[in-house]
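J.: Protein chains in written order, with the numbering used here: chain H, 3 to 292; chain W, 3 to 292. The beta carbon of each residue, even a glycine, is placed where N, CA and C say it ideally should be. What you are looking at is a predicted structure, and each value in this text was computed from that prediction instead of being measured. Pasting a structure here, questions to come.
There are 2 protein chains.
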Amino acid sequence: MSDRFRERLAEAVAARRSSIVLGLDPDPARVWPEALAVASAHDGAPGAPPSPAAAAAELVVAHCAALIAAAGPACVAVKPQVACFERLGSAGWAALERVVAAARAAGLLVHADAERGDIGVSAEAYAEGLVGPAPGLDADAVTVNPYLGEDSLEPFVGTGRGVFVLVRTSNPGAADLQDAELAQGGPLWERVAALVDRLDANAVVGATAPEHLVRARALMPRATFLLPGVGAQGGRVEDLAPAFAPGAHGGLVTASRSIARAHEQHGGEPAAAAREEAERLREAAWALCA
Amino acid sequence: MSDRFRERLAEAVAARRSSIVLGLDPDPARVWPEALAVASAHDGAPGAPPSPAAAAAELVVAHCAALIAAAGPACVAVKPQVACFERLGSAGWAALERVVAAARAAGLLVHADAERGDIGVSAEAYAEGLVGPAPGLDADAVTVNPYLGEDSLEPFVGTGRGVFVLVRTSNPGAADLQDAELAQGGPLWERVAALVDRLDANAVVGATAPEHLVRARALMPRATFLLPGVGAQGGRVEDLAPAFAPGAHGGLVTASRSIARAHEQHGGEPAAAAREEAERLREAAWALCA
Chain H
3 MSDRFRERLA EAVAARRSSI VLGLDPDPAR VWPEALAVAS AHDGAPGAPP SPAAAAAELV
63 VAHCAALIAA AGPACVAVKP QVACFERLGS AGWAALERVV AAARAAGLLV HADAERGDIG
123 VSAEAYAEGL VGPAPGLDAD AVTVNPYLGE DSLEPFVGTG RGVFVLVRTS NPGAADLQDA
183 ELAQGGPLWE RVAALVDRLD ANAVVGATAP EHLVRARALM PRATFLLPGV GAQGGRVEDL
243 APAFAPGAHG GLVTASRSIA RAHEQHGGEP AAAAREEAER LREAAWALCA
Chain W
3 MSDRFRERLA EAVAARRSSI VLGLDPDPAR VWPEALAVAS AHDGAPGAPP SPAAAAAELV
63 VAHCAALIAA AGPACVAVKP QVACFERLGS AGWAALERVV AAARAAGLLV HADAERGDIG
123 VSAEAYAEGL VGPAPGLDAD AVTVNPYLGE DSLEPFVGTG RGVFVLVRTS NPGAADLQDA
183 ELAQGGPLWE RVAALVDRLD ANAVVGATAP EHLVRARALM PRATFLLPGV GAQGGRVEDL
243 APAFAPGAHG GLVTASRSIA RAHEQHGGEP AAAAREEAER LREAAWALCA
């Protein structure tokens with residue numbers, strides 16, 4: 003079932019010559035100045051003053067729209083971090099729906115980053131909410147957590163959308179369980195990789211430990227790898243070649259802070275700095291596929 | 003930090019003489035007849051007709067309110083399954099906020115069942131959204147997934163709310179990873195149990211495999227156990243004594259379908275059947291603590 007997603011992804015990657023996924027994890031306290039301007043104009047509108055959560059949600063929508071306009075052309079997809087919207091309550095969920103619409107209008111695929119893992123009716127409900135039609139988010143892809151086992155992944159695999167299973171993540175704590183050595187040999191994450199391959203699903207493999215990539219590719223020859231950890235977390239695009247062995251759609255390089263806060267690193271206006279950083283990442287990743 | 007939650011829980015359990023948690027996983031297509039009546043009355047109100055999602059959200063709120071009124075007196079907490087609300091989009095999230103308010107008004111604690119597990123800013127955002135003050139849900143307790151390791155649990159542990167880590171779940175797929183035998187000896191879930199004890203957190207331990215309970219209690223002597231799997235999944239309250247070794251607050255028995263659909267099993271009106279089944283569970287669990 004995953005093949006339908008991979009076909010769509012391969013077409014989009016080829017058309018946009020990009021394997022970059024723009025991470026959207028907006029913080030109302032750290033939006034770009036142009037988002038503040040848009041939201042202030044909105045405040046001047048007639049009617050009741052918005053609640054603090056509604057005002058924050060407006061800021062978040064304006065910020066994400068500006069980020070998509072600046073960096074979107076160098077990307078193939080956006081990855082909204084659902085938690086960053088949920089913390090604003092129902093206003094945040096409505097904001098998420100608008101951001102997803104803005105990304106689609108810009109020709110981008112949508113990966114709902116919600117890291118769900120649940121069972122039975124709950125897993126089915128998550129699948130409905132994230133990849134189901136409206137009022138679901140209708141996302142093209144989702145992240146899922148494997149700890150509950152195969153029966154927790156099946157409701158997502160059956161949707162024909164991209165299912166990215168957390169295999170070996172990019173955070174320091176990843177070692178606690180994922181690297182636990184099994185009695186049968188090999189770390190736990192390799193057992194998860196075998197499950198991903200059996201389900202013909204896709205994988206999240208952190209870019210911070212490139213030594214795992216060759217092994218991960220051997221265990222999951224068909225999977226598309228979502229590769230977080232480039233930039234702020236220390237991963238380098240140049241080290242990700244094994245992910246792209248099956249072709250340009252073999253890897254998706256995600257970046258959020260390194261794009262949204264590029265101006266803090268490199269100076270200049272936020273939008274121009276974001277555009278430049280996204281384009282730099284696009285070129286570096288594309289060089290690995292060519 | 004978890005002690006503050008456990009103190010509040012111990013007080014509530016003693017006051018209500020109940021260790022039962024009422025699971026709320028509403029399906030708009032399977033609400034009680036009285037919820038349909040409430041929602042129909044609402045439809046007749048003047049103004050624009052509601053969207054399908056808003057109408058479904060009204061049904062869900064009416065159903066949960068009726069369920070809380072019927073079964074709540076025999077329970078100490080409710081556990082809304084966040085996925086079942088999220089699938090209705092922003093209207094669903096607003097419904098969740100109303101259901102949480104109804105539970106609080108009935109004197110019940112609130113456990114947000116969202117099974118989150120994420121890292122860094124995302125984990126902090128989830129913590130804000132679920133246990134933070136409004137627009138957060140301000141829940142008393144949450145479920146978290148350990149696959150990403152200790153650093154993914156810390157933002158929740160620091161909140162002073164109840165943090166229930168998935169340790170050994172009640173579904174068939176639990177065996178896939180959780181029972182994986184480690185090279186150092188013992189299954190993976192025992193390593194998670196050790197992490198839970200080190201963090202002084204709480205644990206989800208399925209009621210469907212009571213043979214694990216004695217071992218889980220030995221590894222996590224202080225933890226409160228959330229015990230899903232009673233009723234529809236085949237677990238029996240009578241087998242859960244090891245969970246209650248530290249006292250009445252040592253275990254929380256969750257039940258959702260076996261209460262909400264008790265009339266399908268035992269006949270009678272839904273509310274009366276739910277009240278009776280919740281009271282039966284309460285007595286059976288209380289007998290283990292006395």
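Check whether the region 214-233 of chain H touches the region 249-268 of chain H, counting contact only when three or more Cβ pairs, one atom from each stretch, lie closer than 8 angstroms.
T.: yes
J.: Enumerate, from N- to C-terminal direction, the unbroken beta strand (DSSP E) stretches of 3 or more residues contained entirely within the region 208-261 of chain H.
T.: 227-229, 253-257
J.: Is W:Gly-91 helix, strand or coil by DSSP?
T.: To locate residue 91 of chain W, count along the second sequence from 1; it is residue 89. Helix, per DSSP.
J.: Any contact of the region 49-58 of chain H with the region 277-285 of chain H, i.e. 3+ C-beta pairs under 8 angstroms?
T.: No, the region 49-58 of chain H does not touch the region 277-285 of chain H.
J.: Confirm, please, whether the CB-CB distance from H:Val-144 to H:Ala-176 is below 8 angstroms.
T.: On the first sequence, position 174 is the one that residue 176 of chain H refers to. On the first sequence, position 142 is the one that residue 144 of chain H refers to. Result no, Cβ atoms of H:Ala-176 and H:Val-144 do not sit closer than 8 angstroms.
J.: Can you check which of these residues, H:Tyr-149, H:Met-222, H:Gly-249, is closest to W:Asn-173 by C-alpha distance?
T.: Locating residue 173 of chain W in the second sequence gives position 171, counting from the first residue. Taking only the C-alpha atoms, the option nearest W:Asn-173 is H:Tyr-149.
J.: Check distances from the C-beta atoms of the region 9-41 of chain W to those of chain H and list, in chain order, the residues that come in under 9 angstroms.
T.: Asp-27, Asp-29
J.: Would you list the residues sitting across from H:Ala-114 in a DSSP beta bridge?
T.: Position 112 of the first sequence, counted from the first residue, corresponds to residue 114 of chain H. Beta-bridge pairing links H:Ala-114 to H:Val-144.
J.: State the beta-bridge partners of W:Pro-82 as determined by DSSP.
T.: As a first step, residue 82 of chain W is located in the second sequence; it is residue number 80 there, counting from the start. Note: W:Pro-82 sits in a beta bridge opposite W:Leu-26.
J.: Locate the alpha helix (DSSP H) running through H:Val-167, then write down its first and last residues.
T.: As a working note, residue 167 of chain H is residue 165 in the first sequence. Not the alpha helix (DSSP H): H:Val-167 falls in the beta strand (DSSP E), residues 164-170.
J.: Spell out whether any CB of chain A is found under 8 angstroms from the CB atom of W:Arg-193.
T.: The structure shown contains no chain A; its protein chains are H and W.
J.: In this structure, how does DSSP classify H:Leu-139 when only helix, strand and coil are distinguished?
T.: For this step, residue 139 of chain H is matched to residue 137 along the first sequence. H:Leu-139 falls in the coil class under three-state DSSP.
J.: Hey, is the region 20-35 of chain W in contact with the region 71-83 of chain W, meaning 3+ C-beta pairs nearer than 8 angstroms?
T.: yes
J.: Would H:Asp-202 pass as an interface residue toward chain W - the criterion being a Cβ-Cβ separation below 8 angstroms?
T.: Numbered from its first residue, the first sequence carries residue 202 of chain H at position 200. Chain W, which has no Cβ nearer than 8 angstroms to the Cβ of H:Asp-202, makes this no.
J.: Could you check if W:Ala-97 is buried or exposed, using at least 16 other CB atoms within 10 Å of its CB as the buried criterion?
T.: The count along the second sequence starts at 1 and reaches residue 97 of chain W at position 95. Classification of W:Ala-97: buried, given that the 10 Å Cβ count is 16 or more.
J.: When we look at the beta-carbon of H:Leu-111 and count the other beta-carbons within 10 Å, is it buried (16 or more) or exposed?
T.: Reading the first sequence from its first residue, position 109 is the one you call residue 111 of chain H. H:Leu-111 is buried by the Cβ-count criterion.
J.: Counting contacts by CB-CB distance shorter than 8 angstroms, is H:Gln-267 in contact with chain W?
T.: Position 265 of the first sequence, counted from the start, is the residue given in the question as residue 267 of chain H. Not one chain W Cβ lies under 8 angstroms of H:Gln-267.
J.: Could you have a look at H:Ala-205 and say whether DSSP puts it in helix, strand or coil?
T.: Along the first sequence, one-based indexing puts residue 205 of chain H at 203. Note: H:Ala-205 maps to strand in three-state DSSP.
J.: In chain W, which residues lie with their C-beta within 7 angstroms of the C-beta of H:Trp-95?
T.: Indexing the first sequence from 1 puts residue 95 of chain H at position 93. Listed by position along chain W, the residues whose Cβ is nearer than 7 angstroms to that of H:Trp-95 are Gly-91, Ser-92, Trp-95.
J.: Quick one: is W:His-268 buried, meaning 16 or more other Cβ sit within 10 Å of its Cβ, or exposed?
T.: Locating residue 268 of chain W in the second sequence gives position 266, where the first residue counts as 1. With fewer than 16 other Cβ atoms within 10 Å, it is exposed.
J.: Closer than 6 angstroms by C-beta to H:Gly-131: which residues in its own chain qualify, once you throw out the five before and the five after it? Chain order, please.
T.: Counting from 1 along the first sequence, the entry for residue 131 of chain H is found at position 129. Correct list, in chain order: Gly-138.
J.: So W:Ala-116 packs on W:Val-84, CB below 8 angstroms; how close in whole Å?
T.: Here residue 116 of chain W is taken as the residue at index 114 of the second sequence, counted from 1. Here residue 84 of chain W is taken as the residue at index 82 of the second sequence, counted from 1. Contact holds; Cβ gap of about 4 angstroms.
J.: Between H:Pro-137 and chain W, is the shortest Cβ-Cβ distance under 8 angstroms, so that the two count as touching?
T.: Within the first sequence, the letter at position 135 stands for residue 137 of chain H. Output row for H:Pro-137: interface = yes.
J.: Taking the CB atoms as reference points, tell me whether W:Val-198 and W:Val-169 lie closer together than 8 angstroms.
T.: Locating residue 198 of chain W in the second sequence gives position 196, counting from the first residue. Locating residue 169 of chain W in the second sequence gives position 167, counting from the first residue. Yes. Within cutoff.
J.: Distance cutoff 8 angstroms, beta carbons only. Does H:Ala-104 sit that close to anything in chain W?
T.: Position 102 of the first sequence, counted from the first residue, corresponds to residue 104 of chain H. False, the Cβ-Cβ gap to chain W never drops below 8 angstroms.
J.: If you follow the alpha helix (DSSP H) that H:Ala-31 is part of, which residue opens it and which one closes it?
T.: Within the first sequence, residue 31 of chain H is the residue found at index 29, counting from 1. Note, H:Ala-31: premise wrong, no alpha helix (DSSP H); not H, not E.
J.: Tell me whether W:Gln-186 is buried or exposed, calling it buried when 16 or more other Cβ atoms sit within 10 Å of its Cβ.
T.: For this step, residue 186 of chain W is matched to residue 184 along the second sequence. It is exposed - the Cβ of W:Gln-186 has fewer than 16 other Cβ atoms within 10 Å.
J.: Can W:Ala-274 and W:Ala-262 be called in contact, C-beta distance under 8 angstroms?
T.: Position 272 of the second sequence, counted from the start, is the residue given in the question as residue 274 of chain W. Position 260 of the second sequence, counted from the start, is the residue given in the question as residue 262 of chain W. No, they are not a contact pair.
J.: What did DSSP end up calling W:Pro-35 once you bin it into helix, strand or coil?
T.: The residue given as residue 35 of chain W occupies position 33 in the second sequence. Three-state DSSP puts W:Pro-35 in a helix.
J.: Under 8 angstroms, with one C-beta from each stretch per pair, do the region 60-71 of chain W and the region 36-44 of chain W reach the 3-pair mark?
T.: yes
J.: What does a CB cutoff of less than 6 angstroms around H:Ala-57 pick up in its chain, not counting 5 residues either side in sequence?
T.: Here residue 57 of chain H corresponds to residue number 55 of the first sequence, with the count starting at 1. The answer is none, since no qualifying residue turns up.
J.: Can a CB atom of chain H be found closer than 8 angstroms to the CB of W:Pro-174?
T.: Walking along the second sequence from the start, residue 174 of chain W turns up at place 172. Judged by the 8 angstroms Cβ criterion, W:Pro-174 is in contact with chain H.
J.: Quick one: using the 10 Å Cβ neighbour count with 16 as the cut-off for buried, is W:Pro-223 buried or exposed?
T.: Taking the first residue of the second sequence as position 1, residue 223 of chain W is located at position 221. Counting Cβ neighbours within 10 Å, W:Pro-223 comes out exposed, since fewer than 16 surround it.
J.: Output yes if chain W places a C-beta closer than 8 angstroms to the C-beta of H:Ser-260; else output no.
T.: Looking up residue 260 of chain H in the first sequence gives position 258. Chain W contact via Cβ: absent.
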